[in-house]
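Residue numbers (the working numbering): -17 to 157.
Below, the structure is given as structure tokens:
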């Protein structure tokens, strides 16, 4: 059997016979604090290459070939989403590097050094300033740009621990 539709605990119709490739239960939020277990069946259409989740009682009844095609479809969808994510990440890196007037390679070097933490945010803030009010912060920015431009820097980090404390943006220091 495939997907069974019930009315008053009686089967009213059976649909998608031979096309159900997956069946299971999903916890669905019905109201703000009410959750229910809903049965579902996944129907895979080979012609349109689409998988549709239908909330009803279901049993897997597809052939092994159809299930294999469905698994290939799921793997292709996963690879596509990963590729789209990587492309969006690359575009964001290009845009950020352009706004900071550095190369993507230099941005990746900075990300690799400091990750996505407070010091990285401070470095981005330093690189984005056009005209400094403080000579000290200007020297920190120059030191950072020099370190980023050096293909084999002498030190692992562009700043000493004390300088890193000065680079952290003020808004990040609040508890």
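A virtual CB, placed ideally from N, CA and C, is assigned to each residue, including glycine.
{"Item": "List the endpoints of the continuous alpha helix (DSSP H) containing residue 101.", "Value": "100 to 110"}
{"Item": "Output needed for residue 52: all residues of its chain with C-beta closer than 8 Å, excluding positions within five of it in sequence on either side, in chain order.", "Value": "3, 4, 24, 26, 33 and 44"}
{"Item": "Just to check, is the beta-carbon of residue 67 closer than 7 Å to a non-hydrogen atom of the ligand GDP?", "Value": "With respect to the ligand GDP, the structure offers nothing, as it holds no ligand at all."}
{"Item": "Which of the three DSSP states, helix, strand or coil, is assigned to residue -14?", "Value": "strand"}
{"Item": "How is the beta strand (DSSP E) around residue 32 delimited, first residue to last?", "Value": "32 to 36"}
{"Item": "Counting beta carbon pairs with one atom in the stretch 85 to 105 and one in the stretch 129 to 145, are three or more of them shorter than 8 Å?", "Value": "yes"}
{"Item": "Counting C-beta neighbours from all protein chains within 10 Å, is the total for residue 82 16 or more, i.e. buried, or is it exposed?", "Value": "buried"}
{"Item": "Given this structure, state the Cα-to-Cα distance separating residue 54 from residue 7, to the nearest angstrom.", "Value": "22 Å"}
{"Item": "Quickly, what does DSSP pair residue 10 with across the bridge? List them, please.", "Value": "18"}
{"Item": "How about residue 84 and residue 150: do their beta carbons lie closer than 8 Å?", "Value": "no"}
{"Item": "Does the Cβ-Cβ distance between residue 75 and residue 86 come in under 8 Å?", "Value": "yes"}
{"Item": "In this structure, does DSSP put residue 134 in helix, strand or coil?", "Value": "coil"}
{"Item": "To the nearest angstrom, how far is it from the Cα of residue 41 to the Cα of residue 20?", "Value": "14 Å"}
{"Item": "I need the DSSP call for residue 225, collapsed to helix, strand or coil.", "Value": "Nothing can be reported for residue 225, as the shown portion of the chain is limited to -17 through 157."}
{"Item": "Considering residue 94, what are the terminal residues of the alpha helix (DSSP H) in which it resides?", "Value": "86 to 96"}
{"Item": "When DSSP builds the beta bridges, which residues end up paired with residue 26?", "Value": "33"}
{"Item": "So who's on the other strand from residue 2, going by DSSP bridges?", "Value": "25"}
{"Item": "Nearest to residue 125 by CA position, among 113, 139, 71 and 39, is which residue?", "Value": "139"}
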